[in-house]
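Taking my numbering as reference, the numbering of the sequence shown is continuous, increasing by one, and the terminal residue is 639.
Even glycine gets a Cβ: it sits at the ideal position worked out from N, Cα and C.
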Amino acid sequence: MRYQSTRDKSVFITAAEAISQGLARDGGLFVPELIPKLGSDAIEKMLEMTYQERAVYVMSMYLDDFAEKELREYVNSAYSAESFDHADIAPVKKLEDGMYFLELWHGPTCAFKDMALQILPYLLTASLDKTGEERQVCILVATSGDTGKAALEGFRDVPRTKIMVFYPKDGVSDIQKLQMTTQQGNNVDVCAVEGNFDDAQTGVKIIFSDEALRERLTENGYFLSSANSINWGRLLPQVVYYISAYCDLINDGAIQNGDKVNFCVPTGNFGDILAGYYAKLMGLPTDKLICASNKNDVLTEFINTGVYDKNRQFYTTISPSMDILVSSNLERLLFELSGKDDKLISGYMAQLGKSGKYTVTPEIKAAVTRDFCCGCCSDEETKDTIRDTFEQDKYLIDTHTAVAYKVLKDYRAKTGDNTPAIVVSTASPYKFCDSVLEALGREVGDNGVMLIENLSQATGVPAPGPLSSLKDKKPRFDRCVSKSEMINAVEDFLK
Ligand SMILES: *Cc1c(COP(=O)(O)O)cnc(C)c1O
């Protein structure tokens, strides 16, 4: 299987090269040349498999420069009973007939980012070996919350890697901050940055483009890389859980092999829902992929009109991981839907850079609406959904998942489409205790780790182990630097 860039499809590289490079030199994203096919016989075969076996089965179709034995080793280490608190890894919870939740937050950091970031370090270090890279890799992350912790946990004590995470001093929740500053491992560093997420992100971008630093690091045997969702090695593991959820519904007798289902996905950078689209392209019987947004509704507008316009107010919401104006992975979708028209895609992305806006052709717009529906909702509606779901069904969901559930209910009311639907549940409600407590009409008097106990007492739902144990942990990292000092922090770390 070869990979090509969305902005220049004439150059082909291997999967290992795509994973170690991350982003193409022309600024494009790597995509597989062909989409492997998944017939109903393959699904039949996968019914019997564990999550780990399903992951090997699906990923080996895309990674033919990796031996199956290798993949099995990585998958078993990544999705282990030690790291995940549910034997099914990505269990499907039935709310009622035809309504299911795919719980992707049973990993070590309680958000769906674990599904990819637990295995990416194995794929990345193996890719370095396969491409003859001799230097060690240092992963730099600027985070607004979930990604930083998931990346730290994934890369912790992985040979040949170091990881350094920058978070905005006042831009993450108390719980997210504690999760990061108490991180274990001998190859990790965590540092606060004065300013907001943009300052941290700009600081990291400046470090990446510093040629002199790159040379100094090479002399010390290091190179820099990133762990964000533009890397194919992060996207591919996410394709697995769409297929696995479908198998689980068959095993439960909810559907028969071949029946169509809908997925509703709380969306930010468009990585998660794009993985669902790849599963559909492979042949997974999927009718609609429903793209759910919060008040930052740039994707809702795009799907409805074909105009992508980031020139709009940015809102800070109670579903912060979806507070995004530029959804990078949309580029991969447009590449597929345009019949792989790399010139057209380069043009759109240039327009986005220059004016913050582009309009796709009527053909692409029509293709988008064949596969995708969309909707958005406010913070108030999100909270109402959390409360109603807990009161009526005794099921506690987080703010991101609630956005998706609300959008799905709106979609059903509007269209009458009652196809069995799976809401992709992306975080434990315990990661967003204050908003969830507020939604349930409880006092939010305390802060930090105390909120975890408050929520547990209010609902009788036990908190996940990694979060409830935070109160016993001592922070290891307390440094805070200005944007201009970030580069020194990196060099100190790599000395
Ligand atoms: C990252 C994240 C999302 C958005 O996923 P994308 O792949 O960026 O679209 C949704 N919910 C939670 C909890 C997240 O951490």
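Distance from the CA of D229 to the CA of H250, rounded to the nearest whole angstrom, comes to 6 Å.
Residue environment: M594 is assigned as exposed (fewer than 16 neighbouring CB atoms within 10 Å of its CB, all protein chains considered). The secondary-structure analysis by DSSP pairs N632 with nothing; it has no beta-bridge partner. Counting along the chain, no beta strand (DSSP E) covers A162; the unbroken alpha helix (DSSP H) around it starts and ends at A159 to Q165.
Fewer than three beta-carbon pairs drawn from the region 389-401 and the region 548-558 are found closer than 8 Å, and the two stretches are therefore not classed as touching. Under the 8 Å Cβ criterion, the region 369-385 counts as touching the region 162-181, having at least three qualifying pairs.
Distance from the CA of S522 to the CA of D441, rounded to the nearest whole angstrom, comes to 10 Å. K550 has its CB no nearer than 8 Å to any heavy atom of ligand 1. Within the region 352-440, the complete beta strand (DSSP E) segments at least 3 residues long are 366-369, 405-410 and 430-437, listed from N- to C-terminus. Boundaries of the beta strand (DSSP E) harbouring P312: T305 to P312, taken from the DSSP string. Nearest C-alpha to P573 among D590, Q148, T503 and R531: R531. The beta carbons of L433 and R476 sit no closer together than 9 Å.
I489 and G500 have their alpha carbons spaced roughly 14 Å apart.
At the C-beta level, R304 and Q280 come within 9 Å of one another.
DSSP places S154 in the strand class (E or B) of the three-state scheme.
Between the region 456-467 and the region 282-293 there are three or more C-beta pairs closer than 8 Å, enough to call the two in contact. By the beta-carbon neighbour count (other beta carbons within 10 angstroms, threshold 16), E278 is exposed. Taking C-alpha positions only, V409 is separated from P608 by approximately 23 Å.
Residue environment for S149: buried (at least 16 other C-beta atoms within 10 angstroms of its C-beta).
As summarised for the region 439-463, the continuous alpha helix (DSSP H) elements at least 4 residues long and confined to that stretch are 442-449, given in chain order. In this chain, the beta strand (DSSP E) harbouring M243 covers M243 to E247. Of the residues assessed, D343 falls on the buried side of the cut-off, its CB having 16 or more other CB atoms within 10 angstroms. Under the 8 Å Cβ criterion, the region 534-544 does not count as touching the region 453-460, having fewer than three qualifying pairs. M203 and D590 have their C-alpha atoms some 44 Å from each other.
At a threshold of 8 Å, S224 does not count as near ligand 1, since its beta carbon sits no closer than that to any of the ligand's heavy atoms. The count of Cβ pairs closer than 8 Å, one atom from the region 210-229 and one from the region 265-272, reaches three, so the stretches are in contact.
Of E629, L207 and K639, the smallest CA-CA separation from G339 is found for E629.
Burial state of C282 is buried, judged by a 10 Å Cβ sphere holding 16 or more other Cβ atoms. Under DSSP, P176 shares a beta bridge with Y147. If you check the CB distance, L393 and P564 come in under 9 Å. For F407, the Cβ stays outside the 8 Å cut-off from all heavy atoms of ligand 1.
Here Q382 is buried. Its C-beta has 16 or more other C-beta atoms within 10 Å.
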